[in-house]
Amino acid sequence: MTDYDYEEIEKKWQDYWEKNRKYEVEDKAENPFYVLVMYPYPSGRIHMGHVRNYTIGDAIARFRRKQGYDVMHPMGWDAFGLPAENAAIERDADPGEWTYDNIEEMKEQLARLGFSYCWEREITTCTPEYYRWNQKIFLEMLQEDLAYRDTTAVNWCPECETVLANEQVQDDLCWRCDSVVEEKEQHGWFLKTTAYAEQLLEDMEQLGGWPERVLEMQRNWIGRSPGARIEFDLDEQEEKLTVFTTRADTLYGATFMALSPQHRLARELARGTGQEQSVERFLERWESGEEMSTKDGVFTGRYAVNPINVEEIPIYIADYVLIEYGTGAIMSVPAHDERDFEFARHNDISIKPVISPAGKKPPQPLEEAYTGEGELINSGSHSGLDSETARAKIANWLEERNLGAATVSYRLRDWGISRQRYWGTPIPIIYCEECGVVPVPDEQLPVELPEDVEFTHGENILESSGEFVETQCPDCGRSARRETDTMDTFVDSSWYYARYCSPKESSQPFDSELANNWVPVDQYIGGIEHACMHLLYARFFHKVMRDFGWLDSDEPFTRLLTQGMVLLDGEKMSKSKGNVVDPEEMQGEYGADTVRLFTLFAAPPEKDLDWDEEGVQGAHRFLKRLWNFLQENKEQLSARTIKAPVEPELSGEASKELFRKTHETIGRVTRDLEQSYQFNTAIAACMELYNSLQDNFTPEVGAWSYAVLLDLLYPIAPHFCNEVAELLGHEELPGERDWPEWSEEAATADEIEVVIQVNGKVRDRISVPAGCPKEMMEERALESSRIQKYLDGSKPKKIIVVPDKLVNVVV
RNA sequence: GCCGGGGUGGCGGAACCUGGCAGACGCUACGGACUUAAAAUCCGUUGGGGUGUAAUACCCCGUGCGGGUUCGAAUCCCGCCCCCGGCACCA
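Numbers 1 to 811, taken from our numbering, label the letters of the first sequence in order.
Okay, structure coming up:
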């Protein structure tokens, strides 16, 4: 009897897969299935989060292959980014070399875990062959007015020394390093994600295969809010004041206006009103960062005219008005908005109720704002309307007079992609004193990263390259300067899934025909932390590329699985806490198949998984038991070809039960994997089958049943299953043969144990033939002596019979 | 505050969609076998309480809390509590 030598076995099959190029797939597959896992940043070491992510992906890929699909399961590297550059600054390393070395190392680690990638499709985003297409796409967007340059307040991460997009700031902290983000005025390039806000929302209808949680997060992030834009005339001024409101129905109740302290008219309005000093004092307090509340504000000395009733209302500057939402100015209706109410009370501004809650009169004086809907009062010709109708009518009324219009406001901002860092895609723009902003012409792409740079903190490294910065204007030929910012690395990952379909394409980002054959990705797998970053950007890119005519589909990822985190003792693993479990160590100690098995068994994929070494040992024990079972029953299990037994030919209870259990298990595992990738329950079913195999082993069913078990476990523990099948002399290995078939009928027992209840409580169990008629079940139930006892000679009130399940006797 | 997800043994989790034996499967713990001994392995017990026996057995309670629907509720409905996540002076 030989021991289960996972080390040797795993090495052997990994070599076999590599040598025979088992996981390559044709560009034009007949039966395509695209499984994609979020590619890693090549930090040099894989961690448990990667292992979990890639194990799920690999099991899905192997399962679908066995189902007969042509599976594309590619892998690549999110190879631009800060760590390489920091290594260059701190250790004088070459960022490219550092990155490529890491890639080599991680590739080996992935291979040791037995992942079945199409390595010939590998992409590395820091190569000019890849990033030149970032540049191309950017220029196309520029042409279509989807990219623009602007100077605004941006998020600055002092640690990363770069600007961040709004999505990359979480609770005022940098998503990557958790530093507090600062506000800074800076120029930069933006992509018009807002132009697609509506589609990004609408097309969620097509994303039935996404977790509701992620869709909800994106919905919140986009923050659609339908309302109206309304223009207010200013007294003695040419300018108008534009506001956004969701409550145009309360327009008659607007008794003041409020501007954000950052509004461009904030200072200007006060000029010549005698309020200059108060305004100036307030703004200085505000600018110094003083803590303020809803009550804080100052009168500008000016008035605006409410367009609907021509009333003059005072204009204030108020701390509670945000510059970044709507127009940075609001019409204030204290009777119907809590904040406006508080401000009005504190600053002695009149409060005028214009909405009355269903059938009631608003109390006088008003104790609090009524923010609900109702019937319009004090609203001139619009009085008597309900809120909803009034909103439409008033918007119409304004539009006819050119004073406003119905509009939709979004929380989503355009995506700022400029990064003041070296290790990224150069933005292909040239600044010429004569011609202004000039795009780099196609034939000059790629704009490559220069090597004559000095790696230092504190400044944009690209600036230090004379060779790079100094250039000629493509239009006029005079000397000009290149843009020295690089692109956000999320640009790379926004379209990489399409590049995998034609990774070596050299005349365009990807071959549309090939991409349309694979895209959208059938199953995408990754962490939920990308819900409002990568997953939103990729959806945006996909729609843009569709509108360029490059893709047919509306969405990049049909189904999305967001796997949970890997924890240790309920805590996130981190180097600083020193509670990191090293995948390599685990794989060395128990083998890749065990690590894979445990990872998939310990929790459903979308939940967090607490790493538990005793659980790992349990998984290892299961494989060893299967191995030993083979060793002990080798002769009876051996077979060249696997033939499913036919039920009528079976003799004996054990054979029949094992036959039934095997069919049942195939059904359960197939459903678990196909519908929701619930590997944990699928594995539990396999363990049950093994338990039954031990209890009910017979030569006539055993060999087949054991072979089926290998098929079912193959996606999870591929080395093990192949090895065992080979030892048994199977002509075709689990990795090559089809997913087993089953029938519902064969999975159903001839005799079924049904429960007999009295008043809903189980009192007895009897065995009846499957499909037993109701009358017979009822009769048999009443015959039971235990039931008789409860009946106590009296007649049952009612009897409920559920075929093949139970009889409930009501007394 | 608004929205989404969740609450089941000592632990991870199953059954929830589609009402019908709660606790599958695994881990831990305990007891036993094997061993000079230990590890490994194997067998048994493992929600709480009780009755009973050599033993098979039997009864009551139990899925966050309170109500409802139903012959029957972890599952469906209503109200509440708690936890996790997203958004948040968003006009």
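A virtual CB, placed ideally from N, CA and C, is assigned to each residue, including glycine.
Spatial distance of residue i from residue j (CA atoms)
i	j	result
Gly729	Trp210	43 Å
Asn680	Pro42	29 Å
Lys607	Val453	45 Å
Glu290	Gly380	42 Å
Gln838	Gly114	With the chain running from 1 to 811 in the structure shown, residue 838 is simply not present.
Ala603	Glu571	16 Å
Leu234	Arg539	42 Å
Ala369	Ile123	58 Å
Ala685	Ile666	9 Å
Pro95	Ser465	16 Å
Asp547	Cys501	19 Å
Phe190	Thr484	15 Å
Which residues DSSP lists as bridging residue i, in chain order
i	result
Phe598	Partner(s): none; Phe598 has no beta bridge.
Pro769	Glu751
Pro439	Ile429
Ile315	Met257
His187	Thr151
Ser418	Met487
Gln757	Val762, Asn808
Gln523	Val35, Arg559
Ile330	Ala258
Which of helix, strand or coil DSSP assigns to residue i
i	result
Thr670	helix
Ala258	strand
His534	helix
Phe232	strand
Arg559	strand
Phe33	strand
Pro226	strand
Trp611	strand
Ile787	helix
Lys572	strand
Ala405	strand
Leu567	strand
Gln109	helix
Phe720	helix
Leu376	strand
Met687	helix
Leu164	strand
Gln678	coil
Ile642	coil
C-beta contact flag for residue i and residue j at 8 Å
i	j	result
Glu105	Gly44	yes
Ile222	Leu201	yes
Val469	Arg482	yes
Phe343	Gly297	yes
Gly301	Ala270	yes
Cys476	Ile430	no
Arg640	Ala749	no
Val708	Thr662	yes
Asp70	Pro128	no
Ile766	Ala781	yes
Pro509	Trp133	yes
Gly404	Arg229	yes
Tyr117	Tyr23	yes
Leu733	Ala725	yes
Burial state of residue i, where buried means 16 or more other Cβ atoms lie within 10 Å
i	result
Ser260	buried
Arg401	exposed
Val544	buried
Ala258	buried
Asp78	buried
Asn691	exposed
Gln523	buried
Pro334	buried
His187	exposed
Glu167	buried
Arg668	buried
Residue i beta carbon near the ligand SAM (any heavy atom closer than 7 Å)
i	result
Glu388	Ligands are entirely absent from the displayed structure, and the ligand SAM is therefore not among its contents.
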